[in-house]
Structures are given as C-alpha cells and as structure tokens.
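Below is one structure, written out as structure tokens; the observations come after it.
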Amino acid sequence: MVEETEKLATTAMKEEAENSSSMAKNNHISGGEDSETEEGEIVRGDSDDPAKAMAAPPPRHPLEHAWTFWFDNPSAKSKQAAWGSSIRPIYTFASVEDFWSVYNNIHHPSKLAVGADFHCFKNKIEPKWEDPVCANGGKWTVTFSRGKSDTCWLYTLLAMIGEQFDYGDEICGAVVNVRARQEKISIWTKNAANEAAQLSIGKQWKEFLDYNDTIGFIFHDDAKRLDRGAKNRYTV
9 MVEETEKLAT TAMKEEAENS SSMAKNNHIS GGEDSETEEG EIVRGDSDDP AKAMAAPPPR
69 HPLEHAWTFW FDNPSAKSKQ AAWGSSIRPI YTFASVEDFW SVYNNIHHPS KLAVGADFHC
129 FKNKIEPKWE DPVCANGGKW TVTFSRGKSD TCWLYTLLAM IGEQFDYGDE ICGAVVNVRA
189 RQEKISIWTK NAANEAAQLS IGKQWKEFLD YNDTIGFIFH DDAKRLDRGA KNRYTV
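Taking my numbering, the leading residue of the sequence shown gets 9, the next gets one more, and so forth.
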C-alpha cells in the first residue's frame with residue numbers, strides 16, 4: 009500500500025503538467041489567429057503590459073488541515089523545569105508545496121541527535137498529554153533499529169496530511185523518538201476508548217508502511233499512571 013502514501017507527493021507534479029499542456033494549447037490557438045496579420049506588422053501583446061508580463065504564481069495545493077512541526081531539543085531536556093517545557097513549534101504548513109519546502113530542508117530521523125523528539129501535529133494541538141484534544145487519547149507505536157526509520161517517517165507524514173486514514177479525524181499527530189539503540193514512530197489519537205477507530209488506524213498504518221510485526225496501542229492515562237509498566241490495550 010506504499011503507492012497510496014505516495015499519491016500526495018505526485019499530485020502537484022501531475023497538475024503542473026496538465027496546466028503546462030493547457031497553456032501550450034492556448035498558445036497554439038492564439039498563434040493561429042495571429043497568422044492573419046500582414047508580414048512585418050507589429051502585433052502588441054500582453055508583454056507590453058508590465059503587470060500581465062509578470063509570471064503568475066504557481067498554483068497551491070491546500071491540505072485539509074494545517075499542521076505544525078515541533079522539536080524537543082535533547083540538550084535542553086536536562087535543564088527543563090517540567091516535562092514538555094523544552095518542546096518548541098518549528099513551522100506550520102497548510103499546502104503540499106509548503107510541506108515539501110520544509111521537509112526537504114530539515115534533518116530526517118537518522119540525522120537527529122540521540123534523545124531528540126520530532127513531532128508533526130494538527131495545528132493548535134500541542135504534542136502533550138495535557139492538551140485537551142490529546143488528554144483522552146492514546147498512541148500506536150512502531151519500532152526500528154537506529155537509523156532505519158526515515159522512509160517510514162515520511163510515509164507516515166504523507167498518510168496523515170494526505171488524509172489517507174478512514175478515521176483521520178481521530179488523529180492528533182505523529183512523533184519520532186530517536187534513542188541510542190532504536191527509533192520509534194507513534195501516531196497519537198483523540199479517543200482511546202473508540203476501539204473500532206483505533207484498530208482501523210493501526211491496521212491501515214501497517215499497510216501504508218508495509219510493516220509486518222505486531223504493534224500495540226497504549227492509553228495515555230495508563231502511560232501517565234504506570235509509565236513503562238503500561239500495557240497495550242489493543243494490538244494489530
């Protein structure tokens with residue numbers, strides 16, 4: 009199902025090609041009409057108008073939701089007064105073009121420092137348990153060897169911002185955690201008690217990533233009370 013997650017990346021290219029074809033067709037038609045002018049006659053066109061001569065901006069491809077990248081700096085964690093105080097919003101994007109302009113100019117998980125956490129959440133939702141939207145939710149998690157999560161991180165982002173999930177409204181965002189021996193990607197959701205929605209998201213995510221191992225879903229409430237002792241409520 010990797011092809012589905014690549015749909016977002018090709019949309020802009022396809023529409024740009026269609027626009028170019030349409031422009032070429034219109035120019036051909038205009039040329040046919042201009043052929044009636046006499047030899048040597050100067051024909052004034054849009055190029056005489058500075059405003060019209062300026063190149064039109066490229067078309068934008070808006071996303072259904074705006075999204076924000078957040079970064080938790082590992083060097084600042086040891087100095088923080090409270091959990092989550094070192095998390096900072098980096099950039100908010102709302103179009104396909106803006107996403108790629110940011111993604112292509114930032115470090116991917118394999119290049120991040122050990123201890124770093126990089127988030128992509130719907131705009132206005134903070135990647136914290138305390139956020140009202142996240143408070144009653146939970147997360148699915150997939151685990152990779154160190155330096156092996158880059159491709160799946162990209163596919164996860166494309167699936168989320170491209171609205172590939174049947175229960176996309178349940179999704180708050182995703183985070184990649186870079187640690188010394190492994191990297192973990194998690195998808196956070198809103199309503200952990202909605203078992204049908206959570207199972208659907210987990211199954212679809214595995215398909216998008218072509219991930220064959222079993223993955224588990226942990227309630228945020230359990231994680232807060234039990235820390236690493238929290239058990240999976242759902243598995244797929």
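Virtual Cβ for every residue (Gly too), placed ideally from N, Cα, C.
At what residues does the alpha helix (DSSP H) containing F216 begin and finish?
203-217
State buried or exposed for V104, treating a residue as buried only when at least 16 other CB atoms are found within 10 Å of its CB.
buried
Fully enclosed by the region 101-165, which beta strand (DSSP E) runs are 3 residues long or longer?
125-130, 146-153
What is the rounded straight-line gap between the Cα of W137 and the Cα of A63?
47 Å
Applying the criterion that 16 or more other CB atoms from any shown protein chain within 10 Å of the CB defines a buried residue, is I114 buried or exposed?
exposed
Quick check on this structure: which residue in Y99, V244, Y111, F77 has the alpha carbon closest to the alpha carbon of I209?
V244
Hey, Y242 and E203: beta-carbon distance below 8 Å or not?
yes
Could you check where the beta strand (DSSP E) with K192 kicks off and where it finishes?
190-197
Between the region 153-162 and the region 93-101, do at least 3 Cβ pairs fall closer than 8 Å?
no
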